[in-house]
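Input: a single structure, listed below in structure tokens.
Protein chains in written order, with the numbering used here: chain F, -1 to 513; chain Z, 1457 to 1835.
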């Protein structure tokens, strides 16, 4: 094993319009190793791997497998070279069983035989320690089970090289550990595994070697044993950064938003929020943890006036006069007219928070365009604000009249957050504010939140990275299938405890905010 | 991996030559507008060359002469030029009408019916009130009722869309047929003389309800009205709060709800506007151009307007150009059909080729095709 080059990419370049996704990247994968491709968001990790799995075709450069030059034109070609990729977004048919999904699209030599296939699937599972029920339908599965099906699918097709794109982004700490153990077993079986990630502790815990990319360029490949977290960060970002998030004690916390017993159903009539009660106080950050789709979005939208509720109360205490305002079942307009200073950075930035085809000025204007008595728009003030946001938050853009969809993810988020905090909110709700952002932008967002906290805003922070939640938040509330399973103190919480609250399925008791 | 019935691919590959695909397509960066326009003009030239080849191969005529005839069909005499301008104005007017709806991503393909119903309302006023009330008042009543009729025709599908989220494309399309049948019915009711199956020129003797003629130019009023309307609508869409709301609703209903725009209200309001401007077109067609109403008075403009609006990327000022292009092509094509005794289908072929190239040019503005490089072929 060891030193043998199984796959080699040489001088790979890929452009999308004026954007260079990869430039002259060299990469080497050996037999029987776990290689990490490490880089910030937008550094070209996924693009590079997509060229190996036949989704994109490189503009320049060569690919060698076992020393021979090959051309990979389509995912089918990739499979012929035994390369399989597990994408971040699963590509499964919901109403089919695991086995049906696994054999879907295979050219079957001979008869279509589900029973045979099911036993083969079982054999693969036993070999590496996967736990799935081959007869279970996809829509009944958890995210981690779906991921398992995807991995088994590529193994079933005989892949020797597995590429996993950010596999732990959607997993709890416990599920992550389980995934790592099967990956190690597969490596020991002689398979080569490439994992795309930006999480340093995972790189250190799992891999043999690390290839670092920055802004589409190859930086270095190092042996995991011989490196450290700070060295890797420096290679990733290009300069030294400190990885500590500040957390001051809340100053003079007062109840600002009181939510009592709210319930909400989705279109299919399933209960998506189940008897939710909690309090947010001024000058503190309340974190919300939970597996994706546990009701986080609906909870924030309920407070913002975008969801219809069945019963319960949402009360806002106005700091100006200590008057309680009932926000339940009010429209966003009515809430604003009550003088409630509520800002909301939604999860779907370009689909809800901003309009992708409009420029920065028009997007900044979204909140304030009604100002003025004439029927015409007043663009002067928004233009000044847009310029201020660009300057203060270091938004990289050709100018304030560039459509926001042309900006990178981090800069889009800066525009959105900049607009939302420009009104000096008393309640600030942010959903996954650093998703897809590079390290520098992420820290800038954390600092902005801390600044708002200092200004006395009550902040609700929905996050997915538990490391960040326990470092940033004063309290952390855990949602699990629309119920609160616990509210813990951020200074004392441990990740594993939160992970358990995220997944435990019985004995769910209604949480209480006075933790 | 479970089976060994698949040979190891790398061994198989040894005999095969390595080939890059012949070409692959990549997205271009934004190119300067001068270059984009050069590509567009180039596409028109290319279209004319292809049209010439087709002409020579299919009908064995001299293409230069054919083009000359097309031009003279559009611009040959001052009468033709006035006809052309009037045609452009009417097409532009319907295009302006459907554009706010399109910007809202409300696919109003019922322009045809909205124009017809506006025209019918105008004709009804002329027939029923002609010579009974003062002429100036009559014209005001005609205007109001045509605007209202068009607005109602636009509002009905909008109400269903806003309340029950019905499909506006089908709904507005069906409303066209209803409008056509209504016009057919009233043509029978008001036919002059009885049994002729048409209304004929309304109030020919008294000219009651005929819109005033500026100087001796019959169509000048229409042209001026539409020209002014173009800039009004441009300002409405670009600089007014309503226009901004339309853009937000069109781009993302979720964003609109998030910032507190009443989406239903915007849909209703915009369709009232869209229908009313269609109604205005009907008013101009009946009150000024034709002085009668028939089921074909809209002449397919409700559908052609969709193309005008899209080609101009919903910009009212550019729509002057695109509507002119389409009307010139149509008039020129009609002329070659008569002069050379060619089937009308032939002129449709030419129009189709030209439009194909113009629309296709957008692909070359946005994408590049990379061909296999020669140096890679080292065998």
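Glycine is no exception: its CB is placed at the ideal position from the N, C-alpha and C atoms.
In chain order, 270 place their CB closer than 6 Å to the CB of residue 264 of chain F, counting only its own chain and leaving out the 5 sequence neighbours on each side.
Closest option to residue 1720 of chain Z, judged by alpha-carbon separation, among Z:1760, Z:1531 and Z:1622: Z:1622. Runs of the beta strand (DSSP E) spanning 3 or more residues and lying entirely within the segment 410 to 451 of chain F occur at 425 to 429, in chain order. Residue 1666 of chain Z is classed as buried because its beta carbon has at least 16 other beta carbons within 10 Å across all chains shown. Closest option to residue 400 of chain F, judged by alpha-carbon separation, among F:75, F:376, F:480 and F:355: F:355. In terms of Cβ geometry, residue 1569 of chain Z and residue 1635 of chain Z form a close pair [threshold 7 Å].
Within the same chain, Cβ atoms closer than 7 Å to the Cβ of residue 1612 of chain Z are found at 1631, the five residues on either side in sequence being excluded.
A residue is called buried once 16 or more other Cβ atoms fall within 10 Å of its Cβ, and residue 199 of chain F, having fewer, is exposed. For a cut-off of 8 Å, the C-beta gap from residue 429 of chain F to residue 298 of chain F is around 6 Å, short enough to register as a contact. In the three-state DSSP reduction, residue 1722 of chain Z falls in the helix class (H, G or I). One finds 353, 354, 355 and 356 in chain F with Cβ atoms closer than 9 Å to the Cβ of residue 1707 of chain Z, taken in chain order. In this chain, the beta strand (DSSP E) harbouring residue 275 of chain F covers 269 to 279. Under DSSP, residue 313 of chain F forms a beta bridge with F:256 and F:324. For the segment 372 to 390 of chain F, the set of residues with a beta-carbon nearer than 8 Å to any beta-carbon of chain Z comprises 373, 374 and 375, in chain order. Using a Cβ-Cβ cut-off of 7 Å, residue 1716 of chain Z is close to 329, 330, 331 and 334 of chain F, given in chain order.
Take residue 1779 of chain Z, set aside five residues on each side of it, and the residues of its chain with a beta-carbon closer than 7 Å to its own are 1544, 1547, 1548, 1551 and 1764, in chain order. Between residue 1560 of chain Z and residue 1726 of chain Z, the CB-CB gap stays under 7 Å. Taking a Cβ-Cβ threshold of 8 Å, the residues of chain F close to residue 1710 of chain Z are 346, 349 and 350, in chain order. Two segments are said to touch when three or more pairs of C-beta atoms, one from each, lie closer than 8 Å; by this definition the segment 437 to 444 of chain F touches the segment 407 to 424 of chain F. The alpha carbon of residue 310 of chain F has as its nearest neighbour, out of F:318, F:324 and F:499, the alpha carbon of F:324.
Counting C-beta pairs with one atom in each stretch, the segment 1695 to 1714 of chain Z and the segment 1604 to 1611 of chain Z have fewer than three that are closer than 8 Å, which means they do not touch. Annotated three-state conformation of residue 262 of chain F is strand, per DSSP. Fewer than three pairs of CB atoms, one per stretch, sit closer than 8 Å, so the segment 46 to 53 of chain F makes no contact with the segment 127 to 145 of chain F.
For the pair residue 273 of chain F and residue 480 of chain F, the Cα-to-Cα distance works out to about 8 Å.
At a Cβ-Cβ threshold of 7 Å, residue 181 of chain F and residue 191 of chain F count as neighbours. The three-state reading of DSSP puts residue 184 of chain F in helix, counting H, G and I together.
Beyond the five residues adjoining it in sequence on each side, residue 202 of chain F comes within less than 7 Å, by CB distance, of 222 and 227 in the same chain, given in chain order. Taking C-alpha positions only, residue 154 of chain F is separated from residue 100 of chain F by approximately 7 Å.
Here residue 1690 of chain Z is not bridged, per DSSP, to any residue. When the five nearest sequence neighbours on each side are left out, the beta carbons in the same chain lying within less than 8 Å of the beta carbon of residue 5 of chain F are those of 25, 26, 27, 50, 61, 62, 63, 81, 159 and 190, in order along the chain. For residue 1516 of chain Z, the closest Cβ of chain F is not nearer than 7 Å. Under the Cβ distance rule, residue 426 of chain F does not count among the residues neighbouring chain Z, no pair being separated by less than 7 Å.
For the segment 13 to 27 of chain F, the residues whose beta carbon sits under 9 Å from a beta carbon of chain Z are, in order, 13, 14, 15, 16 and 17.
Listed as beta-bridge partners of residue 1823 of chain Z by DSSP are Z:1483. Of the other Cβ atoms in all chains shown, 16 or more fall within 10 Å of the Cβ of residue 302 of chain F; this residue is therefore buried.
DSSP lists F:193 and F:208 as the bridge partner or partners of residue 34 of chain F.
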